[in-house]
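Engineer: Questions regarding the structure given below will be posed in turn.
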Amino acid sequence: MAEKKTFQRGKLAPVPSGAVIPERDLDKHPILECRRLGIDFGGLHAVQDFNLTIGRTEIAGLIGPNGAGKTTVFNLLTKVYQPTRGTILLDGMDTSGKTTEQINRMGIARTFQNIRLFNNLSVEDNVKIGLHNQEPYSLADAIFRLPRYWRQEKTAHERAMELLSIFDMQDLADHRAGSLPYGAQRRLEIVRALATNPSLLLLDEPAAGMNPSETTELMENIVKIRDTFQIAVMLIEHDMNLVMGICEGICVLNFGQVIAKGSPEDIQANPAVIEAYLGRKKEK
301 MAEKKTFQRG
311 KLAPVPSGAV
321 IPERDLDKHP
331 ILECRRLGID
341 FGGLHAVQDF
351 NLTIGRTEIA
361 GLIGPNGAGK
371 TTVFNLLTKV
381 YQPTRGTILL
391 DGMDTSGKTT
401 EQINRMGIAR
411 TFQNIRLFNN
421 LSVEDNVKIG
431 LHNQEPYSLA
441 DAIFRLPRYW
451 RQEKTAHERA
461 MELLSIFDMQ
471 DLADHRAGSL
481 PYGAQRRLEI
491 VRALATNPSL
501 LLLDEPAAGM
511 NPSETTELME
521 NIVKIRDTFQ
531 IAVMLIEHDM
541 NLVMGICEGI
551 CVLNFGQVIA
561 KGSPEDIQAN
571 PAVIEAYLGR
581 KKEK
């Protein structure tokens, strides 16, 4: 039986607001601060009084039972939904009134529970779509194939191949995205999100459908992404081995409310979490 992979996690330390972030991020402004965030759908409080702070290079987890409001939080952060109340600060900047595209340009990228690729385009072209924010050539440059267009295309190709190499996918660049195995499609979606040059990467159930070997590889790559790009990663995940293995701070939602926050050890020992999500241990 293969030995269980372990990853070194940063120790959490308090900041003046009372939140905790990894010690290595204490000298930097938090990348994300949510203050009393909430959204209502009719009379339903889907998320209420959500408070969270994430350090600039933290790997954070958002967990909870199905229907707890996790994806709704991601939709609030990316402005798919506009909050009913509360504040979201990204790198200290208030995101009120911003659109999804503006939020992406500010530095948040995400993946989805259900893979959203351009299946009929090549792997490389899917990544290049993520690079659109960094292509300064005009429509005329593209139509008439002016020199600036070719310079940017060359730069985009090199950057796409560099990003694909993170997952050793550079040899698949010419393949049709829809022809890739499920796990490879998951990885490609992460690469495309990275192409937008985020400071905060949101991963919605990245290990869904993966076998244990693929999940271990994913864990290694999430840590590699954080270390290589010096960005924060926040993930929604039901695989507790993944969450407890790489996440430094974990936030637990239940019925749209935070019931616990802390280190993996804190969360594993929290009675409310055990009852609501992890399940009670059977009496022997």
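So for the sequence shown, our numbering puts the first residue at 301; every next one is plus one. Ideal Cβ positions, reconstructed from N, Cα and C, are used throughout, including at glycine.
1) Which runs of the alpha helix (DSSP H), 4 residues or longer, sit entirely within the stretch 334-404?
2) Let me check understanding here. Comparing Cα to Cα, which of L503, H538 and G509 lies closest to N521?
3) Tell me, which residues are paired with Q557 by DSSP?
4) Would you say T411 and A493 are within 7 Å of each other, going by their C-beta atoms?
5) Check for me: the alpha helix (DSSP H) holding I567 runs from which residue to which?
6) Measure the C-alpha to C-alpha separation of L463 and Q470 and round it to an integer number of angstroms.
7) Would you kindly work out how many angstroms separate the C-alpha atoms of G386 and D340, rounded to a whole number?
8) If we count the other Cβ atoms within 10 Å of its Cβ and call it buried at 16 or more, is M534 buried or exposed?
9) Quick check on this structure: which residue in I574, A569, S563 and E489 has the alpha carbon closest to the alpha carbon of K311?
10) If you follow the alpha helix (DSSP H) that M544 is in, where does it begin and where does it stop?
11) Run through the DSSP bridge pairs and tell me what M469 is partnered with.
12) Looking at the secondary structure, which residues open and close the alpha helix (DSSP H) in which M519 lies?
13) Helix, strand or coil for V315? Go by DSSP, reduced to three states.
14) Could you tell me if A313 is buried or exposed, where buried requires 16 or more neighbouring beta carbons within 10 angstroms of its beta carbon?
15) Buried or exposed: which applies to T378, given that a residue is buried once 16 or more other Cβ atoms fall within 10 Å of its Cβ?
16) Which value, in whole angstroms, describes the spacing of the CA atoms of E453 and R405?
17) Can you list, in chain order, the residues of its chain whose CB lies under 7 Å from that of T496, leaving out five sequence neighbours each side?
18) Is DSSP giving A572 helix, strand or coil here?
19) Alpha carbon to alpha carbon, how far is P481 from Q413? Give it in angstroms, no decimals.
20) DSSP state of D425, grouped into three classes?
21) Have a look at L376 and G392 and give me their C-alpha separation to the nearest angstrom.
Structural biologist: Walking through what the data contain:
1) At a cut-off of 4 residues, the continuous stretches assigned as alpha helix (DSSP H) that sit fully inside the stretch 334-404 are 370-377.
2) Here residue 521 refers to the residue found at position 221 when the sequence shown is read from its first residue. Closest option to N521, judged by alpha-carbon separation, among L503, H538 and G509: L503.
3) As a first step, residue 557 must be located in the sequence shown, where it is residue number 257. In DSSP, Q557 forms a bridge with N554.
4) Mapped onto the sequence shown, residue 411 falls at position 111. Mapped onto the sequence shown, residue 493 falls at position 193. At the C-beta level, T411 and A493 come within 7 Å of one another.
5) Here residue 567 is taken as the residue at index 267 of the sequence shown, counted from 1. Judged by DSSP secondary structure, I567 falls within the alpha helix (DSSP H) whose first and last residues are P564 to A569.
6) Here the question's residue 463 lines up with position 163 in the sequence shown. Here the question's residue 470 lines up with position 170 in the sequence shown. One C-alpha to the other measures close to 8 Å.
7) Looking up residue 386 in the sequence shown gives position 86. Looking up residue 340 in the sequence shown gives position 40. In this model, G386 and D340 are separated by some 12 Å (Cα to Cα).
8) As a first step, residue 534 is located in the sequence shown; it is residue number 234 there, counting from the start. Its Cβ being crowded by 16 or more others within 10 Å, M534 is buried.
9) For the purposes of this step, residue 311 is identified with residue 11 of the sequence shown, where counting begins at 1. Nearest Cα to K311 within the set I574, A569, S563 and E489: S563.
10) Position 244 of the sequence shown holds residue 544. M540 to I546 is the span of the alpha helix (DSSP H), which, as asked, contains M544.
11) On the sequence shown, position 169 is the one that residue 469 refers to. Beta-bridge pairing links M469 to no other residue.
12) Within the sequence shown, numbered from 1, the residue matching residue 519 stands at position 219. Membership of M519 in the alpha helix (DSSP H) is indicated by the continuous run P512 to F529.
13) Numbered from its first residue, the sequence shown carries residue 315 at position 15. Here DSSP, grouped into helix, strand and coil, assigns V315 to coil.
14) Locating residue 313 in the sequence shown gives position 13, counting from the first residue. Flag for A313 reads exposed.
15) Residue 378 sits at position 78 when you count from the first residue of the sequence shown. Using a 10 angstroms sphere on the CB of T378, the tally of other CB atoms reaches 16 or more, which defines it as buried.
16) In the sequence shown, residue 453 corresponds to position 153, counting from 1. In the sequence shown, residue 405 corresponds to position 105, counting from 1. Going by the C-alpha atoms only, they are around 20 Å apart.
17) By 1-based counting over the sequence shown, the position of residue 496 is 196. Shown here for T496: same chain residues with a beta carbon closer than 7 Å to its own, the five before and five after excluded, namely N404, A409, G430 and N433 in chain order.
18) Residue numbering aside, residue 572 sits at position 272 when the sequence shown is read from its first letter. Helix at A572.
19) Here the question's residue 413 lines up with position 113 in the sequence shown. Here the question's residue 481 lines up with position 181 in the sequence shown. Cα to Cα, the separation comes out at about 16 Å.
20) The count along the sequence shown starts at 1 and reaches residue 425 at position 125. Under the three-state reduction of DSSP, D425 is assigned to helix.
21) On the sequence shown, residue 376 is found 76 positions in, with the first residue counted as 1. On the sequence shown, residue 392 is found 92 positions in, with the first residue counted as 1. Rounded to whole angstroms, L376 and G392 show a C-alpha spacing of 17 Å.
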